[in-house]
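Reading through the structure tokens given below for one structure.
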Amino acid sequence: MSAAWFTYPIDFESSRAFECDPLDPEQCAFYQERWHFWYIADLVFGLSTIAFFMSVIGVFVLVYIGSYALRIEAVRNNSAIQRPLALFRYASYRGFHVRLLKWYSVPVGLLLLAFVGAVFFFCMDLIPQPYYWSDEIFGHSPPLGTRSGWMALACMPFVFATASKANWLTLFTGISHERLQVFHRWTAYAFFLLALMHTFPFIVYHTTFADLEYLVTVTDVFVYWTGIAALILQAWLTFASHSTIRNLGYEFFKVCHIATMILFVIIFFWHCGGTLTSWDYFVATAAVYVPCLAYSFIRTFFEHGLRLSAKTVVESNSHLRIEVAGDFIWTPAAITSHPFTICSTQAESALVFYVQPKGGFTGKLYELARNSPAGISTTKVLIDGPYGGIDMTRFDASDRVIIVVGGSGAGWCLPLIARFVEGISDAKHLELGTSGDVSIDPSVKDRRSSRGEGRSLRVILSAKDAETLKWFIKALEALLTSHTGRYDSGKFDVNLHLTRDLEEKFDSPSKDVSVPATKSVRHSYTEAQESDSDALTNHKTVSNSLFPGRPHLPVLLHEEATKASEDQSTMGVFVCGPSSMQNDVRNAVARENLAVVRGARSGPVYLHQEHFSWA
């Protein structure tokens with residue numbers, strides 16, 4: 001409506017008390033209905049969208065709070081809890097692969113959530129009638145464009161809330177930032193689609209009344225052109241973020257994305273022009289995003305400091321080993337502006353990353369290290385993180401641990417193997433009473449000792465080239481050599497699969513390693529007692545086997561799940577690899593959880609996925 005007809009309402013009731021001239025009573029009553037009234041559109045459509053998002057977040061908060069109860073063994077092992085928990089995990093893992101499009105879907109649970117969101121947005125936007133005013137006397141804002149605009153604006157705080165690595169949603173829901181990237185993209189899609197549904201009704205309306213050119217060039221020049229500019233920038237932000245484009249050059253994408261985002265917010269702010277409560281959404285966006293951004297910078301500069309150096313080494317399989325020595329606490333997780341994953345434990349003296357060099361930043365690091373003496377270079381770094389990563393309480397609570405890795409993900413599993421070995425060693429020390437001066441409750445001692453005794457680990461590594469397998473065995477030997485203790489109580493199986501270069505002869509990098517062609521891989525441990533009873537020396541006898549082709553992951557995981565069901569033990573699966581491997585593993589684990597729902601087996605199976613690419 002024109003500003004000459006109405007005054008800005010103070011509240012909901014006073015907004016209905018305006019003078020209806022030149023509308024007759026019937027037209028006035030029609031216009032003031034809840035779904036038609038322009039002056040309360042921000043409350044009806046904007047706040048309803050906020051309420052929808054907050055309701056979804058509230059559900060995840062309740063699930064997060066409930067997950068703490070599931071950490072109590074008596075609760076987790078309750079048969080009445082196992083089936084609903086298995087159903088929830090099935091929905092969290094089960095996905096689809098559309099081969100024609102080379103597309104891997106998100107899990108079923110998220111697809112259902114996306115369906116609920118789509119129903120909400122389309123119902124709120126398309127069910128209310130009319131889309132356009134039948135008479136110009138009702139004003140120049142078509143109802144479809146008005147409500148679409150407010151719903152789009154209400155999406156903006158949530159787009160930013162899911163954008164940063166440090167964020168409020170992770171704090172209150174426990175969902176790590178890399179998993180929030182799905183919601184970041186979806187909310188951005190809704191934001192853009194609603195922006196289009198806000199724009200085109202105005203074009204159609206003013207084209208109908210033949211005054212579009214006059215508005216764009218004379219009366220509403222600023223409003224229309226800032227809207228067009230904001231829409232173009234929003235289109236770039238939305239579609240240029242797709243992995244197909246992003247992977248062409250990550251550094252270029254990041255700089256462009258941040259610069260475009262800043263420019264978009266400024267122009268969009270001008271476009272809204274303080275209409276009703278529009279600027280309140282910008283305040284909410286800043287309140288959500290700025291503290292998270294400030295936290296990351298403060299943590300980087302004050303917790304980790306500015307004097308850290310990274311040593312970059314070219315490994316035998318042409319990957320980079322990046323070591324950052326420093327006095328800080330971490331767990332295996334994603335870190336830095338590049339999605340690198342920490343491949344070391346807190347027991348080690350440095351952060352360690354294994355990186356497959358490509359173009360851009362990683363390519364420059366590789367060239368720098370390769371051209372340096374002995375293939376080693378030193379570079380000043382800033383540390384931002386860690387963020388996300390594995391829930392180590394889940395790892396420690398799993399009696400039967402399965403680690404599935406592919407290619408450059410081989411380094412990711414090394415800290416998990418170290419954690420497993422250390423856990424068995426701790427349990428044995430507890431059993432022998434060699435835990436030092438720390439006083440440990442007997443029940444805790446019995447439980448930890450029993451868990452260490454019964455735990456098992458199976459590593460399934462698949463690689464295209466023999467060099468990666470050679471490097472892995474060498475790194476594994478070094479890892480086991482650096483950890484002393486009693487390991488005989490734990491089973492440790494390693495399966496190596498070579499998917500390419502089968503004609504290449506596989507020479508073992510260590511004289512202690514033999515590679516038969518058919519037997520399954522088994523690491524057995526023997527121990528010897530020295531004259532000093534406090535000194536324990538570990539002697540490792542390692543036997544590996546090499547299998548041609550990809551592992552049949554559904555069969556292997558089904559075998560392990562069957563054993564876990566028979567033993568009444570818990571099982572955790574941890575995977576890092578390409579999308580095809582991730583898809584096979586998540587669907588295999590989903591089937592095992594569905595078997596629990598049907599009563600065919602007992603004990604849900606937990607899954608953690610470490611993606612090469614977050615979105």
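Just so you know, the UniProt record's numbering puts 43 at position 43 of the sequence shown, and the rest follows in order with no gaps.
Glycine is no exception: its CB is placed at the ideal position from the N, C-alpha and C atoms.
Burial state of G273, where buried means 16 or more other Cβ atoms lie within 10 Å = As a first step, residue 273 must be located in the sequence shown, where it is residue number 273. That one is exposed.
Rounded C-alpha distance that separates Y132 from G389 = Taking the first residue of the sequence shown as 1, we reach residue 132 at position 132. Taking the first residue of the sequence shown as 1, we reach residue 389 at position 389. Roughly 50 Å separates the two Cα atoms.
With a 10 Å radius around its C-beta and 16 neighbouring C-beta atoms as the bar for buried, classify F239 as buried or exposed.
-> Within the sequence shown, residue 239 is the residue found at index 239, counting from 1. Exposed, because fewer than 16 other Cβ atoms sit within 10 Å of the Cβ of F239.
Identify the continuous beta strand (DSSP E) that holds T312 and give its terminal residues.
-> Sequence index remark: in the sequence shown, residue 312 carries index 312 (1-based). S309 to V314 is the span of the beta strand (DSSP E), which, as asked, contains T312.
Measure the Cβ-Cβ separation of E566 and R458 and say whether it is below 8 Å.
-> Here residue 566 corresponds to residue number 566 of the sequence shown, with the count starting at 1. Here residue 458 corresponds to residue number 458 of the sequence shown, with the count starting at 1. Contact flag unset, no.
By Cβ distance, which residues of its chain are closer than 8 Å to H558, with the 5 residues on each side in sequence left out?
-> By one-based count along the sequence shown, residue 558 stands at place 558. Excluding sequence neighbours, H558 sits near A588, R591 and E592.
Since L144 contacts P201 with CB under 8 Å, what's their CB separation in whole angstroms?
-> Here residue 144 is taken as the residue at index 144 of the sequence shown, counted from 1. Here residue 201 is taken as the residue at index 201 of the sequence shown, counted from 1. That belief holds up - the Cβ atoms of L144 and P201 are roughly 5 Å apart, short of 8 Å.
Thinking C-alpha only, which one of D384, I402 and Y366 is nearest I376?
-> Here the question's residue 376 lines up with position 376 in the sequence shown. With distances taken between Cα atoms, I376 lies closest to Y366.
Please name the residue, chosen from L87, L607 and L237, that lies closest to A397 on a Cα-to-Cα basis.
-> Position 397 of the sequence shown, counted from the start, is the residue given in the question as residue 397. Nearest option by C-alpha distance: L607.
On the three-state DSSP scale, how would you describe E422?
-> The count along the sequence shown starts at 1 and reaches residue 422 at position 422. It is helical.
Based on the DSSP secondary-structure assignment, which residues constitute the bridge partners of N593?
-> The residue labelled residue 593 in the question sits at position 593 within the sequence shown. Answer by DSSP bridge pairing: none, since N593 is not bridged.
Where E251 and G363 are concerned, what is the direct C-alpha to C-alpha distance, given to the nearest angstrom?
-> On the sequence shown, residue 251 is found 251 positions in, with the first residue counted as 1. On the sequence shown, residue 363 is found 363 positions in, with the first residue counted as 1. In a straight line, the C-alpha of E251 is about 12 Å away from that of G363.
Reduced DSSP secondary structure (H/G/I, E/B, other) of G577 = By 1-based counting over the sequence shown, the position of residue 577 is 577. In this structure, G577 counts as strand in the three-state DSSP scheme.
Around the Cβ of V404, are there at least 16 other Cβ atoms within 10 angstroms (buried) or fewer (exposed)?
-> In the sequence shown, the residue the question calls residue 404 occupies position 404. When all chains shown are included, V404 counts as buried.
Distance CB(T468)-CB(A410) smaller than 8 Å | By one-based count along the sequence shown, residue 468 stands at place 468. By one-based count along the sequence shown, residue 410 stands at place 410. Contact: yes.
Taking the DSSP output, what are the residues bridged to K491?
-> Numbered from its first residue, the sequence shown carries residue 491 at position 491. The partner list for K491 (beta bridge, DSSP) reads S456.
With 16 as the cutoff for other CB atoms within 10 Å, does E610 come out buried or exposed?
-> Mapped onto the sequence shown, residue 610 falls at position 610. Buried, since its Cβ has 16 or more Cβ neighbours within 10 Å.
Endpoints, beta strand (DSSP E) assigned at A190 | Numbered from its first residue, the sequence shown carries residue 190 at position 190. Run containing A190: none in the beta strand (DSSP E); it sits in the alpha helix (DSSP H), H177 to T208.
Assumed close pair V106, R94 - CB separation to whole angstroms, cut-off 8 Å = In the sequence shown, counting from the first residue as 1, residue 106 sits at position 106. In the sequence shown, counting from the first residue as 1, residue 94 sits at position 94. Not really, about 10 Å apart at Cβ, beyond 8 Å.
DSSP on W5, reduced to helix/strand/coil?
-> As a first step, residue 5 is located in the sequence shown; it is residue number 5 there, counting from the start. Confidence at W5 is low in this model, with a pLDDT of 36, below 50, so its placement is unreliable and the value that follows should be read with caution. If DSSP states are grouped into helix, strand and coil, W5 belongs with coil.
Could you give the residue range of the beta strand (DSSP E) that holds S377?
-> Start at 1 with the first residue of the sequence shown, and residue 377 comes out as number 377. Run containing S377: I376 to K380, per the beta strand (DSSP E) assignment.
Per DSSP, which residues does S296 bridge with? Please list them.
-> Locating residue 296 in the sequence shown gives position 296, counting from the first residue. For S296, which the question treats as bridged, DSSP gives no partner whatsoever.
By Cβ distance below 6 Å, which residues in the same chain neighbour I267 in space, the five residues on each side in sequence not counted?
-> Here residue 267 corresponds to residue number 267 of the sequence shown, with the count starting at 1. Excluding positions up to five away in sequence, the list reads T226, A229 and A230.
Determine the contact status of M197 and D125, defining contact as a CB-CB distance below 8 Å.
-> Here the question's residue 197 lines up with position 197 in the sequence shown. Here the question's residue 125 lines up with position 125 in the sequence shown. A contact, by the Cβ cut-off of 8 Å.
Pick helix, strand or coil for L496, following the three-state DSSP scheme.
-> Residue 496 sits at position 496 when you count from the first residue of the sequence shown. In the structure shown, L496 sits in a strand (DSSP, three-state: E or B).
Span of the beta strand (DSSP E) holding V404?
-> The residue given as residue 404 occupies position 404 in the sequence shown. First-last of the beta strand (DSSP E) with V404: R400 to G406.
Please list the segments of the alpha helix (DSSP H) lying wholly inside the stretch 126-186, counting only runs of 4 or more residues, in order along the chain.
-> 143-161 and 168-173
First and last residue of the uninterrupted alpha helix (DSSP H) at E610 | As a first step, residue 610 is located in the sequence shown; it is residue number 610 there, counting from the start. Run containing E610: none in the alpha helix (DSSP H); it sits in the beta strand (DSSP E), V605 to H611.
Within its chain, find whatever has a CB closer than 6 Å to the CB of L193; leave out the 5 residues flanking it on each side and keep chain order.
-> Translated into the one-based positions of the sequence shown, residue 193 becomes position 193. None.
State the DSSP-derived secondary structure class of H552, mapped to helix, strand or coil.
-> In the sequence shown, the residue the question calls residue 552 occupies position 552. DSSP places H552 in coil when its eight states are reduced to three.
Please confirm whether L263 and L233 have their CB atoms less than 8 Å apart.
-> Looking up residue 263 in the sequence shown gives position 263. Looking up residue 233 in the sequence shown gives position 233. Against a cut-off of 8 Å, the Cβ pair of L233 and L263 comes out as a contact.
Of the residues Y387, L476, R550 and L382, the one placed nearest A463, counting alpha carbons only = Your numbering for residue 463 matches position 463 in the sequence shown. Residue R550 is the option with its Cα nearest to A463.
C-beta contact flag for V355 and H319 at 8 Å | If you number the sequence shown from 1, residue 355 lands on position 355. If you number the sequence shown from 1, residue 319 lands on position 319. A contact, by the Cβ cut-off of 8 Å.
Given 8 Å, three or more beta-carbon pairs between the stretch 182-192 and the stretch 204-224 = no
With a 10 Å radius around its C-beta and 16 neighbouring C-beta atoms as the bar for buried, classify C413 as buried or exposed.
-> Here residue 413 corresponds to residue number 413 of the sequence shown, with the count starting at 1. Buried, since its Cβ has 16 or more Cβ neighbours within 10 Å.
Other residues of its chain near F37: CB distance less than 6 Å, five sequence neighbours each side excluded = Residue numbering aside, residue 37 sits at position 37 when the sequence shown is read from its first letter. Nothing meets the Cβ criterion.
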